[in-house]
Every structure is written in C-alpha cells, then in structure tokens.
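Structure, as structure tokens:
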Amino acid sequence: MTNSLQKKLYENGYLIVKKVLNFNRDLKPILNDMEFVIDCLIQKYAKKREIKKVLNLEFKKKYSYISKLNIYDLDQYFNTRLPRDHVKRDSDYFATQSLWNLITNKKILDVVEKILGKEIMSNPVQNTRIKQPEKKLPKGSIHDGLSGRTPWHQDAAVLNTRGQKLTDMVTVWIPFTKTTKKNGCMITVKKINKMGLLNHISGYRGQVELKNSELLDDMKHIYLEANIGDVILLHKHSIHYSLPNRSNDFRISADLRYNVAGQPSGREPLPNFYVRSKNKKNLKIKNFKQWLSLWEKAKEKRVGKYAFKYPLPTFKTNKKDLSKLI
Ligand SMILES: O=C(O)CCC(=O)C(=O)O
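Converting from the sequence shown to my numbering requires adding 11 to each position, the first position being numbered 1.
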C-alpha cells in the first residue's frame, strides 16, 4: 500500500516534512544534555584556574573552548553510537534520556509509519553532529563527517552486506539549528535513488564515498534546507553529501534511522529493537535504561574490536559504477 509521503520519497529520494517537532519539548532537552557533557569535559580537561570562568560561558563558546583542548576523539562524546573502531571498555557515546525520547517520539514514528508501515525498528545507524564554522576546525576535521563535510554517499552503503541487500531503511535527519546552504545543509540529486545501490570507495579516514562522485558536481542539486521542527527523510539509495559550514554559527543535527521489523539491521550486534508494532509484546525495550543497557551489552561484546564494519558495496562488474549509469 502506498500513500503520498511514501510515493514522494520513493520517487524523489528525499522529502522535507515541515513542522513535525517542537523545539522546547522535543529538541532543546538534547541540547541541554550536550551542554551537560561539555561541562563535564570542562571539569575534566580545562586548566584548573579557568574552569569557573569557562563554565559560565554560553554553549557555543564552551564548545569552542573544549574543541581546542586536543581531547582524543572529542566528537565521540556527542555522538549517539559506539565508536566505529577500537571499542574500549570505557568508550563514551551520547546516549541520554532526551535522545531516547527523540528516537521513540510519536510524531517522528507517525511519519516513519507512513513510509515503512506499522512494524518499525530503531536502526543503530545513527549520529548526532555538532558542526562549528569550518574556519574554526582543525585541518584534520574538515572532511570528518561528524564535525565537517560528508562525502557523496548512499546510506545503504554503510550497512553490512546482508543489510545492503535486505533492509528497508529510512533516514530521519533532524536539525537543532536552522540549516541552510551557508551553514552546511545536505545536498542531493532528485530521483538519483532510482539507480539502486552503487559502487563506493573508501574515502577520507575510511568514510564510505560514492565512486566517480565528481560526476555529480555538474548535475542539478537540491539543497536540503530545513527549519527547526522540520525533518528530512532520505531514501536508503538517495545520494547525498553535506556542505561545509561557511557561516559564523553552529549547525547541530541528528540523523536517526528506522527499518522494517524483522529485517537485518545491517549493523549487528548493535541495538535494533521495535519502536512500533501492532503486537505490544514486541515492544520489549520500553525505557531509557533498557535502551542504554542494550548499548552497553553491545559494547561489552565488541571491546578490543570494531563496533561495526561496512564492506563497501563493490559489485563484481562496473555496471554499478555511477559513470556507467548517467
Ligand atoms: O548531517 C550531515 O552533515 C550529513 C548527514 C548524512 O550524510 C547522513 O545522515 O547520511
């Protein structure tokens, strides 16, 4: 059964759904929790004599301060998943009550239901991103997708091989700040999802990057600009990237994902659990503590190893190269 949202998403590869969320109720609590993490990092890493003064600064100034302290893997403290490589027993990640509330938010799930149907699981491919103005970033972070630009890619390409083949997944991209061309919105090409999964290469620091992506530079781009409260949906084969933040302000977002229940998550053994089902018995993870314990159990299993791997989709022939399809 198709409905108009699903039809538009499958047809164009993207969809901006306006005014879904309320800033104070749904989004601000996450910014508050990010600020709590910033404060903890200040307490831990700032020079003793500066702590009091820095704690009194506003969010962005505090974040800028800690970003200059050379804290190892700083982005990871604000990212809502385990680090990809080298999981340690004390690896940190951003799993808060506010984020649990967002993942299970009724208004988001009502939108997702229109795309995936009534049996929905939260998919562990998820990120929260704090992007400072690019001019303030250390050179090494400019092409790091959590703090800087992301390369052209399809989201299905960050799943394992079973997930690439079998998983119906939708991306729900959520801005916490108005997102524009200037501060680094995502860009896509209309209907390009229709090509299916394409060949990718390993890009900067192993980030998954579409092969021959330079061919997209001259195509007509859609700028996925959004206001606070809007959500952007991406089809798993939508090809997209994000621009540099050339503004003087921060750009903060979360990208959550959901898949049709019963399919592989594509990132086993990370948490993949029902968030909506007609059969209430399926809804086993009911609160923040249970959700956190799923992540902790996954961490326990992966200590000393990688949390997830995505074998690049590289088909045997070059039929799935973008260059052969446009
Ligand atoms: O938020 C961004 O900068 C990039 C997000 C993205 O590429 C994704 O969610 O797949």
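From the three backbone atoms N, C-alpha and C, an ideal C-beta is built for every residue, glycine too.
Local Cβ density within 10 Å of residue 38, reported as buried at 16 or more and exposed below that
With a threshold of 16 other beta carbon atoms within 10 Å, residue 38 meets it and is buried.
Classification of residue 51 by the beta-carbon crowding that lies within 10 angstroms, buried from 16 upward:
exposed
Can you tell me the Cβ-Cβ gap for residue 241 and residue 30, rounded? I've got them flagged as a contact below 8 Å.
7 Å
Using a Cβ distance threshold of 8 Å, determine whether the region 310-327 contacts the region 203-214, with at least three qualifying pairs required.
Result yes; three or more Cβ-Cβ pairs closer than 8 Å.
Determine the direct distance from the alpha carbon of residue 166 to that of residue 291, and round the result to whole angstroms.
30 Å
Taking the continuous alpha helix (DSSP H) assigned at residue 44, which residues delimit it?
Unbroken alpha helix (DSSP H) run through residue 44: 39-56.
Rounded to a whole number of angstroms, what is the C-alpha to C-alpha distance between residue 296 and residue 287?
Taking the straight line from one Cα to the other gives about 11 Å.
Taking the straight line between their C-alpha atoms, what separation do you get for residue 298 and residue 70?
28 Å
With distance defined between alpha-carbon atoms, name the residue in 152, 19, 278 nearest to residue 83.
152
As assigned by DSSP and simplified to three states, the class of residue 261:
In the three-state DSSP reduction, residue 261 falls in the coil class, being neither helix nor strand.
Cross-strand partners of residue 251 (DSSP beta bridge):
Paired residue(s): 164, 199.
Would the region 246-254 count as touching the region 107-125 if we require 3 or more Cβ pairs under 8 Å?
no
For residue 264, verify whether its CB is less than 6 Å away from any heavy atom of ligand 1.
yes
Are residue 268 and residue 137 close, meaning C-beta to C-beta below 7 Å?
Contact flag set, yes.
Whose C-beta lies closer than 6 Å to the C-beta of residue 184 among residues of the same chain, with five residues either side of it excluded?
243, 266
How far does the beta strand (DSSP E) with residue 124 in it extend, from its first residue to its last?
Element bounds for residue 124: not the beta strand (DSSP E) but the alpha helix (DSSP H), 117-127.
Is there at least one non-hydrogen atom of ligand 1 closer than 6 Å to the beta-carbon of residue 140?
Answer for residue 140: yes, Cβ within range of ligand 1.
Could you tell me the distance, in whole angstroms, from the CA atom of residue 341 to the CA atom of residue 94?
Past the edges of the chain, shown from 12 to 337, lies residue 341, and the structure says nothing about it.
Which residues share a DSSP beta bridge with residue 246?
181, per the DSSP bridge assignment.
Between the Cα of residue 261 and those of 146, 15, 88, spot the shortest distance and give me the residue it belongs to.
146
Residues bridged to residue 230 (per DSSP):
Answer is none; residue 230 lacks a bridge partner.
Classify residue 14 as buried or exposed, calling it buried when 16 or more other Cβ atoms lie within 10 Å of its own Cβ.
By the 10 Å Cβ count, residue 14 comes out exposed.
Between 214, 20, 281, which has its C-alpha nearest residue 122's C-alpha?
20
Quick check: the region 222-236 against the region 183-199, are there 3 or more CB pairs under 8 Å?
yes
Return the chain-ordered list of same chain residues with a C-beta closer than 6 Å to the C-beta of residue 108, the five sequence neighbours on each side being excluded.
299
How would you call residue 315, buried or exposed, if buried means at least 16 neighbouring beta carbons within 10 angstroms?
exposed
Tell me residue 139's beta-bridge partners as DSSP assigns them.
265
Separation of residue 180 from residue 26, as counted between CA atoms:
14 Å
Looking at chain C, is there any beta carbon in it that lies within less than 7 Å of the beta carbon of residue 136?
Structure shown: chain C not included; a single protein chain is present.
For the beta strand (DSSP E) containing residue 65, list its first residue and its last residue.
That residue, residue 65, is in no beta strand (DSSP E); its alpha helix (DSSP H) goes 62-66.
Name the two residues that bound the continuous alpha helix (DSSP H) containing residue 299.
299-313
Please report the distance separating the alpha-carbon of residue 135 from that of residue 149.
Between the alpha carbons of residue 135 and residue 149 lies a distance of about 29 Å.
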